[in-house]
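Participant: Following this message is one structure expressed as structure tokens.
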Amino acid sequence: MVARYGNFVTYDPPLTPLTVLLWVLPLAAIVAGGWIIVARTRRRVRLRREPLPADTPVCGARAGWGVYVPGVVIALVVAAISYSQTGSYPQVRAWQQATAQTPGLLARALDPQAQPLNEEEMARLALGLRTRLQNDAGNVEGWLMLGRTGMVLGNAGTATGAYANAYRLDPKNSDAALGYAEALTRSSDPEDNRRGGELLRQLVSRDHTDIRVLSLYAFSAFEQQRFGEAVAAWEMMLKLLPAGDARRAVIERSIRLAQEK
951 MVARYGNFVT YDPPLTPLTV LLWVLPLAAI VAGGWIIVAR TRRRVRLRRE
1001 PLPADTPVCG ARAGWGVYVP GVVIALVVAA ISYSQTGSYP QVRAWQQATA
1051 QTPGLLARAL DPQAQPLNEE EMARLALGLR TRLQNDAGNV EGWLMLGRTG
1101 MVLGNAGTAT GAYANAYRLD PKNSDAALGY AEALTRSSDP EDNRRGGELL
1151 RQLVSRDHTD IRVLSLYAFS AFEQQRFGEA VAAWEMMLKL LPAGDARRAV
1201 IERSIRLAQE K
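In our numbering, the protein residues as written are 951 to 1211.
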């Protein structure tokens, strides 16, 4: 649970500089404000005890308000600093930057000649895609791209949810169906694995010549210890691949390994 949802599940957040800042700044503001009030009060008491010249103007009301001004200013400054460091502003700023960079990142991701995106750029692309899809939830290609991005980032929740939406919108889309099946088979939930295997069986029965479907089906069957099904899928792949294909050697080794189980 902690690995999936973070330390808030156990209410045991890690001690970070921001956590210390969140506690220290308000305390410092209280101490500073109290010191100013005490100092001002002592000064007023001292001034009252001293005789004033007859021509000194009385400005008690203004002096009273002046006592609170420094404390208010300090409180506002501390609040602004605390919000900028621990509030939602950094997240909002990151979201705005990701949204603005989405078109360029998407163009690079789709261009095989462009420099590949690093992990940070992929995360920004995922954030930008999610923002776009909130206003264009019927965009199948957008959900597919978010699903691929989630798979690259190792974010099972993002990938599974995105592919599920794409498959729901267009069940006949082979990329959506295969992506959804792959996300389910890679899940740590046995129920997801079962659903993924069932979807793969449907895809194989629909098309016996799709190498991608057969490969994923064989891998899923092997992982679930259905070795006979895995061998059958790999043997079917051998019939479809040309004689000089480098994948044949890998498939033949996989068949021997499955037969030994």
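Where a beta carbon is used, it is the ideal one built from N, C-alpha and C, also for glycine.
Which class does T1135 belong to by DSSP, given the choice of helix, strand or coil?
Facilitator: On the sequence shown, residue 1135 is found 185 positions in, with the first residue counted as 1. Helix.
Participant: Classify G1088: buried if its beta carbon has 16 or more other beta carbons within 10 angstroms, exposed otherwise.
Facilitator: Here residue 1088 corresponds to residue number 138 of the sequence shown, with the count starting at 1. The residue is exposed, with fewer than 16 neighbouring Cβ atoms inside 10 Å.
Participant: Using the C-alpha atoms, what's the distance from W1184 back to E1202?
Facilitator: Here residue 1202 refers to the residue found at position 252 when the sequence shown is read from its first residue. Here residue 1184 refers to the residue found at position 234 when the sequence shown is read from its first residue. Taking the straight line from one Cα to the other gives about 8 angstroms.
Participant: Name the two residues that bound the continuous alpha helix (DSSP H) containing R1144.
Facilitator: Counting from 1 along the sequence shown, the entry for residue 1144 is found at position 194. Unbroken alpha helix (DSSP H) run through R1144: 1140-1156.
Participant: M1186: which of S1165, S1170, Q1174 sits nearest, CA to CA?
Facilitator: As a first step, residue 1186 is located in the sequence shown; it is residue number 236 there, counting from the start. Comparing Cα positions, the closest option is S1165.
Participant: If distances are taken between C-alpha atoms only, which option among M1101, Q1084, L1083 comes closest to A1073?
Facilitator: Here residue 1073 refers to the residue found at position 123 when the sequence shown is read from its first residue. Comparing Cα positions, the closest option is M1101.
Participant: Could you say which of A1133, A1127, N1123 lies nearest to G1107 if we only look at CA atoms?
Facilitator: Taking the sequence shown and counting its residues from 1, one reaches residue 1107 at position 157. It is A1133.
Participant: Can you list, in chain order, the residues of its chain with a C-beta nearer than 7 angstroms to that of R1197? Leave out the 5 residues immediately preceding and following it.
Facilitator: Locating residue 1197 in the sequence shown gives position 247, counting from the first residue. Excluding positions up to five away in sequence, the list reads L1191.
Participant: Within 10 Å of its beta-carbon, does G1104 have 16 or more other beta-carbons around it, so buried, or fewer, so exposed?
Facilitator: Sequence index remark: in the sequence shown, residue 1104 carries index 154 (1-based). So G1104 ends up on the exposed side.
Participant: Helix or strand or just coil, what does DSSP make of D1125?
Facilitator: Sequence index remark: in the sequence shown, residue 1125 carries index 175 (1-based). The answer is helix: DSSP assigns D1125 an H, G or I state.
Participant: Hey, P1121 and A1112: beta-carbon distance below 8 angstroms or not?
Facilitator: Walking along the sequence shown from the start, residue 1121 turns up at place 171. Walking along the sequence shown from the start, residue 1112 turns up at place 162. The answer is no: Cβ separation not under 8 angstroms.
Participant: Output the distance between the C-alpha atoms of L1075 and L1067, rounded to the nearest integer angstrom.
Facilitator: Locating residue 1075 in the sequence shown gives position 125, where the first residue counts as 1. Locating residue 1067 in the sequence shown gives position 117, where the first residue counts as 1. Taking the straight line joining both Cα atoms gives about 9 angstroms.
Participant: What residue from L1056, E1071, E1070, A1050 has the CA that sits closest to W1093's CA?
Facilitator: Looking up residue 1093 in the sequence shown gives position 143. The shortest C-alpha separation from W1093 is found at L1056.
Participant: Below 7 angstroms CB to CB, which residues in the same chain sit around D1125 once its five sequence neighbours on both sides are set aside?
Facilitator: Residue mapping note: residue 1125 aligns to position 175 of the sequence shown, counting from 1. Here the set comprises L1094.
Participant: Excluding sequence positions up to five away, which residues of its chain have a Cβ less than 7 angstroms from the Cβ of S1170?
Facilitator: On the sequence shown, position 220 is the one that residue 1170 refers to. The answer, listed in chain order, is T1135, G1146, G1147, L1150.
Participant: When we look at the beta-carbon of A1064 and count the other beta-carbons within 10 Å, is it buried (16 or more) or exposed?
Facilitator: By one-based count along the sequence shown, residue 1064 stands at place 114. A1064 should be labelled exposed.
Participant: Mapping the DSSP letters down to three states, classify L1067 as helix, strand or coil.
Facilitator: On the sequence shown, residue 1067 is found 117 positions in, with the first residue counted as 1. It is coil, neither helix nor strand.
Participant: Considering only C-alpha positions, which residue in the set I987, A1168, A1109 is nearest to L1153?
Facilitator: By one-based count along the sequence shown, residue 1153 stands at place 203. For the residues I987, A1168, A1109, the minimum Cα distance to L1153 belongs to A1168.
Participant: Kindly give me the distance between the Cβ atoms of V1090 and N1123, rounded to whole angstroms, as I take these residues to be in contact under 8 angstroms.
Facilitator: As a working mapping, residue 1090 is identified with position 140 in the sequence shown. As a working mapping, residue 1123 is identified with position 173 in the sequence shown. Right, their Cβ atoms sit about 6 angstroms apart.
Participant: Under a Cβ-count criterion, where at least 16 other Cβ atoms within 10 Å of its own Cβ denotes burial, should I1205 be classed as buried or exposed?
Facilitator: Taking the first residue of the sequence shown as position 1, residue 1205 is located at position 255. Label assigned to I1205: buried.
Participant: What runs of the alpha helix (DSSP H), each 4 residues or longer, lie entirely inside the region 1161-1204?
Facilitator: Taking only runs of at least 4 residues, the alpha helix (DSSP H) segments lying wholly in the region 1161-1204 are 1161-1173, 1177-1190.
Participant: Residues in its own chain within less than 7 angstroms of A1109 by CB, not counting five upstream and five downstream?
Facilitator: For the purposes of this step, residue 1109 is taken as residue 159 along the sequence shown, with counting starting at 1. Answer for A1109: G1097, G1100, M1101, A1133, listed in chain order.
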